[in-house]
Amino acid sequence: MKNLPLKGIKVIDAASFIAAPLVSALMSDYGAEVIKIEPLTGDTYREAVIGGHVWPESEVDWAFILENRNKRSLSIDLKSKEGQIIIKKLIQQSDVFITNLPKTPREKLGLTDIIVRKLNPKIIYASLTGYGENGPDSNRTALDSTAYFARSGLMDWSKTIDSEGIPPFPIPGGGDHPTGLSLFTSILLALMNKEKTGLGTSVSTSLLANGVWSNAMLIQAILSGHKPIDTFYWETLSAMRNIYTLKDKSLFFMLLTNEEKHWDPFIQSFNLGFLHNNTKFNTKDNRQLNKKELKIILQEEFIKYTYEEVREKLISIGIVFTKIMKTENTIIDPQTNLNNMFMNIEGEDIEKLKLVSPPLNIENAPRKNATKAPKLGEHNIEILKELGYTMEEIKILQNNKTIL
């Protein structure tokens, strides 16, 4: 663990829920020391799965563990005079300050970027918002389902074929994790710039900005003068770019991108050579015109095979394809396990617990071994002692309910 690239970096995590806390978790994986600042009642994400606010409901804080591994918790009343003194001492000793507090709470608590960087000009102030730092919605709270998916147009794209066109509910956390990676990248660039200039700065991103970035292909087309296009429906897509059911009940997604090259090898591999001279299917345009009939023919053939049999045939041809994997099967997929997509964690109550790893691999700087998420206020005494407080002073802070 000598090569941990962020060793010696001190981070204040004054954030809650998913997108912003996962940023400091990523930093901790690579050696940063992270202090998680929580109110006396704790991060609202604690026990979110117990009440069913985050799915699936559970008696174990699996969601909190994922985003808060490796950290130390300081539970403190930042509205109190003594609490303000403590947070200012921490800011003066830290390299990065991460928050997702809306503007008004930041102003009330004295945690705006201007105030924080005045206390420590070298600090990197990292802000994560729902809708951006400016504009009529800049002070609103948001979740990824609203800001990342719904507001960006991504959710509209995924609507179903029913007459009302109502889109399915977005995947939980599906926008938080890429948004967190964006802020993580911004912080790393700011730290590199600090090495060159000696100066701190402010960096920011938002759920909406990352939703727009993820929807960039469709949005860029509109920016370039094209009319909006409707979502893809399997029923209206080419038979060569579609989903089929196999003998083993699995769903198989084939995406034949170069029909001129792959059509003949494909039909020969699946004993469909009789289609070669059929004028309904002998050209790409004809196959598209007769896609419904072709899909029926292909489905009648594919149902004879298991996924492994289809896989063997298509790999030799070079066609793009995959099985549509159930989420529960990703954890036993050899591709996920042989490519470091899960990691162990020490100290949690769940025996042999594994966590989803960040999608980052650095050959000569591996992640450190993950340790458990902190209990609320678990490190109060330890952190305050490091700031120079005596046990008598700490007991006074506890009695005054400045800290838990």
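The sequence shown runs contiguously to residue 432 in the numbering used here.
Idealized CB from N, CA, C, for every residue including glycine.
Being a predicted model, the structure only gives us computed values, none of them experimental.
Residue of the options minimising C-alpha distance to residue i
{"i": "N305", "options": "D292, F298 and S297", "result": "D292"}
{"i": "N128", "options": "K312, P84, I65 and S173", "result": "I65"}
{"i": "G346", "options": "N367, M282 and N310", "result": "M282"}
{"i": "S344", "options": "R74, S297 and D276", "result": "S297"}
{"i": "S230", "options": "L106, Q121, E61 and P149", "result": "P149"}
{"i": "S232", "options": "N243, L217, L246 and G226", "result": "L217"}
{"i": "T264", "options": "A249, P200 and T188", "result": "T188"}
{"i": "W90", "options": "Y261, L383, L50 and I411", "result": "L383"}
{"i": "W241", "options": "L279, D313, L147 and R179", "result": "R179"}
{"i": "L32", "options": "E61, A42 and D41", "result": "E61"}
{"i": "L34", "options": "I390, E376 and N408", "result": "I390"}
{"i": "Q120", "options": "K222, V144 and L137", "result": "V144"}
{"i": "I257", "options": "T213, D204 and G181", "result": "G181"}
{"i": "Q316", "options": "R269, D204, G163 and P67", "result": "R269"}
Own chain residues within Cβ distance below 7 angstroms of residue i, not counting five before or after
{"i": "L326", "result": "A267 and Y272"}
{"i": "V71", "result": "It should be pointed out that residue 71 corresponds to Asp in this sequence rather than to Val. Only S44 meet the Cβ criterion."}
{"i": "L303", "result": "I295 and F309"}
Separation of residue j from residue i, as counted between CA atoms
{"i": "I434", "j": "K109", "result": "With the chain running from 29 to 432 in the structure shown, residue 434 is simply not present."}
{"i": "I126", "j": "S173", "result": "22 angstroms"}
{"i": "E287", "j": "P198", "result": "33 angstroms"}
{"i": "D165", "j": "S234", "result": "12 angstroms"}
{"i": "F394", "j": "M369", "result": "Phe is not the amino acid found at residue 394; the sequence shown has Pro there. The straight-line gap from Cα to Cα measures roughly 13 angstroms."}
{"i": "L388", "j": "T399", "result": "18 angstroms"}
{"i": "T225", "j": "V124", "result": "16 angstroms"}
{"i": "S122", "j": "K38", "result": "5 angstroms"}
{"i": "H254", "j": "M245", "result": "12 angstroms"}
{"i": "I250", "j": "Q112", "result": "48 angstroms"}
{"i": "K275", "j": "K289", "result": "27 angstroms"}
{"i": "L118", "j": "G228", "result": "16 angstroms"}
{"i": "T358", "j": "L94", "result": "17 angstroms"}
{"i": "T355", "j": "N427", "result": "48 angstroms"}
{"i": "E406", "j": "L432", "result": "9 angstroms"}
{"i": "Y176", "j": "P130", "result": "17 angstroms"}
{"i": "R134", "j": "I104", "result": "15 angstroms"}
{"i": "N397", "j": "V88", "result": "21 angstroms"}
{"i": "L366", "j": "K30", "result": "24 angstroms"}
Contact set for residue i: own chain, Cβ-Cβ below 6 angstroms, skip 5 residues either direction
{"i": "L381", "result": "I373"}
{"i": "G208", "result": "A47, L50 and V51"}
{"i": "T157", "result": "S234"}
{"i": "P195", "result": "M183, S186 and K187"}
{"i": "E161", "result": "S232"}
{"i": "L412", "result": "I422"}
{"i": "L139", "result": "none"}
Cβ neighbours of residue i in the same chain (closer than 8 angstroms, five flanking residues each side left out)
{"i": "K99", "result": "D41, S52, A53, S56, V62, I63, K64, A401 and P402"}
{"i": "L279", "result": "I271, Y272, T273, K351 and I352"}
Residue i Cβ short of 6 angstroms to the ligand ADP heavy atom set
{"i": "L274", "result": "Among the ligands in the structure shown, none appear at all, so the ligand ADP cannot be discussed."}
If we require 4 or more residues per run, which alpha helix (DSSP H) segments fall completely within the segment 314–369? 319–330, 335–345 and 362–365
Which runs of the beta strand (DSSP E) at least 3 residues long sit entirely within the segment 141–166? Give them in chain order. 152–157
Let me know the beta strand (DSSP E) ranges lying completely inside the segment 205–230, each 3 residues or longer, listed in chain order. none
Answer yes if the segment 413–422 comes into contact with the segment 50–67, meaning at least three C-beta pairs across the two stretches below 8 angstroms, and no otherwise. no
What residue ranges within the segment 362–423 form continuous beta strand (DSSP E) runs of no fewer than 3 residues, ordered along the chain? 370–374 and 382–384
Within the chosen definition, does the segment 75–85 reach the segment 141–157 through at least 3 CB pairs nearer than 8 angstroms? no
Taking only runs that begin and end inside the segment 87–124, name each unbroken beta strand (DSSP E) of 3 or more residues, in chain order. 100–103
Taking only runs that begin and end inside the segment 241–311, name each unbroken beta strand (DSSP E) of 3 or more residues, in chain order. 269–273 and 279–283
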